[in-house]
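**Student:**
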Amino acid sequence: MLEVNNIDAGYGNMQILWDVSFSVEQGEVVAIVGPNGVGKTTSLRCIAGIVMPWKGNVEFLGSDITGRQTYEIAKMGLAYVTEETNLFTGMTVMENLQMGGLTISGKNEFNNTLDIVFSMFPRLAERRKQYAATMSGGERQMLAIARALMLNPKLLILDEPSMGLSPQNVEIVFDSILNLKSQNVTVLIVEQNVNYTLEISDRGYVLENGKIVMEGKGKDLLSNDHIKNMYLGIA
Ligand SMILES: Nc1ncnc2c1ncn2[C@@H]1O[C@H](COP(=O)(O)OP(=O)(O)OP(=O)(O)O)[C@@H](O)[C@H]1O
Ligand SMILES: [Mg+2]
16 MLEVNNIDAG
26 YGNMQILWDV
36 SFSVEQGEVV
46 AIVGPNGVGK
56 TTSLRCIAGI
66 VMPWKGNVEF
76 LGSDITGRQT
86 YEIAKMGLAY
96 VTEETNLFTG
106 MTVMENLQMG
116 GLTISGKNEF
126 NNTLDIVFSM
136 FPRLAERRKQ
146 YAATMSGGER
156 QMLAIARALM
166 LNPKLLILDE
176 PSMGLSPQNV
186 EIVFDSILNL
196 KSQNVTVLIV
206 EQNVNYTLEI
216 SDRGYVLENG
226 KIVMEGKGKD
236 LLSNDHIKNM
246 YLGIA
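As structure tokens, this is what we get:
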């Protein structure tokens, strides 16, 4: 579904990514984990058409999308929930979901998509009239994911959905992601919460200093000594 092939990228003349390659197959949850500032978000920006790679290419659904406009890539079925969730906080849950579903043409299709999203996030259905500004951090993150799902995406990209959340809210968000997986939504997730993330991911990549240094099944990475030392604080 998605292939990132040998990309170099950076800002100005500062190189951030060095020969980065990874892939996501249909129906998988794939994680990219790594310390702060190593280029995780930059990798996602290269996929979404926000940063132009200096070298290498990005293929989505069999087409080369390197250098295409962000809106074109979104229209092909790629939804990107950024680190800053950018909800419309002065609008209700329902209005946010309507904004997410703007590209849906018919009323029936809109209602069908809404039903699916509400069945995945019953808490949002209960709170459809609540203003986004008054929701808890975990609920807001859920709403951001739900809004992205209103695009009916083929691939959902999440950049640090658990950032800044309390342990209880982190659990809510990871449960939502597990739920997506059971609905066969394909997910690429970037996270600092290595333990939880690798637990729910089919495969993972470790990015350090702009290079992929390790890849493997989520569970295998969790039991790897380097990961245990660096990310899980287990000697
Ligand atoms: N627009 C920009 N202009 C210049 N430098 C940038 C820009 N965006 C990011 N950087 C730099 O690129 C490097 C990688 O940033 P990036 O956001 O990709 O890291 P990250 O792995 O997502 O980190 P974090 O875990 O903190 O979100 C950092 O040193 C950052 O300061
Ligand atoms: Mg980041």
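If you read the sequence shown in this note's numbering, its first letter stands for residue 16, the second for the next number, and so on. Think of the CB as a built atom: it goes at the ideal place given N, C-alpha and C, for glycine as much as any other residue.
1. Keeping to the same chain, check which residues put their C-beta closer than 7 Å to that of G27; ignore five residues upstream and five downstream.
2. What are the complete beta strand (DSSP E) segments, minimum 3 residues, inside the stretch 162–208?
3. In terms of residues, what are the limits of the alpha helix (DSSP H) holding V53?
4. Can you give me the C-alpha to C-alpha distance between F37 and A46, rounded to a whole angstrom?
5. Please check the pair M165 and G121, which I expect to be a contact at CB under 8 Å, by giving their CB distance rounded to whole angstroms.
6. With distances taken Cα to Cα, identify the nearest neighbour of S177 among L170, F189 and N167.
7. Taking its Cβ as the centre, do 16 or more other Cβ atoms sit within 10 Å of Q156, making it buried, or is it exposed?
8. Quick check: the Cα distance between T149 and T81, rounded to an integer number of angstroms?
9. Would you call L236 buried or exposed, if buried means 16 or more other Cβ atoms sit within 10 Å of its Cβ?
10. Contact defined as beta carbons within less than 8 Å: I believe G153 pairs with N194. What is the distance between those atoms, to the nearest angstrom?
11. Considering only the alpha carbon of each residue, which of S181, G231 and A159 lies closest to I172?
12. For K55, collect the residues of the same chain with a Cβ closer than 7 Å to its Cβ; drop the 5 residues on either side in sequence, then sort them by chain order.
13. Just reading off the beta strand (DSSP E) that D23 is part of, what are its end residues?
14. Which whole-angstrom value describes the C-beta separation of V202 and Y246, a residue pair presumed to lie in contact below a C-beta threshold of 8 Å?
15. Run through the stretch 38–109 for me and flag every whole alpha helix (DSSP H) of 4 or more residues, listed as ranges in chain order.
16. Assuming L236 is part of the alpha helix (DSSP H), what are its boundary residues?
17. So what's K243 in DSSP terms, helix, strand or just coil?
18. Rounded to the nearest angstrom, what separates A63 and F136 at their Cα positions?
**Tutor:** If we stick to the structure as given:
1. none
2. 170–174 and 201–206
3. Looking at the DSSP string, V53 is not in any alpha helix (DSSP H), and its letter there is neither H nor E.
4. About 10 Å.
5. About 14 Å; that fails the 8 Å criterion.
6. F189
7. buried
8. 39 Å
9. Counting Cβ neighbours within 10 Å, L236 comes out buried, since at least 16 surround it.
10. No, G153 and N194 are not in contact; Cβ-Cβ is about 14 Å, not under 8 Å.
11. When only C-alpha atoms are compared, the closest one is A159.
12. I47, G49, V205 and L222
13. L17 to Y26
14. Not a contact, Cβ separation roughly 20 Å.
15. Whole alpha helix (DSSP H) segments, 4+ residues: 55–63 and 85–90.
16. G233 to L237
17. helix
18. 26 Å
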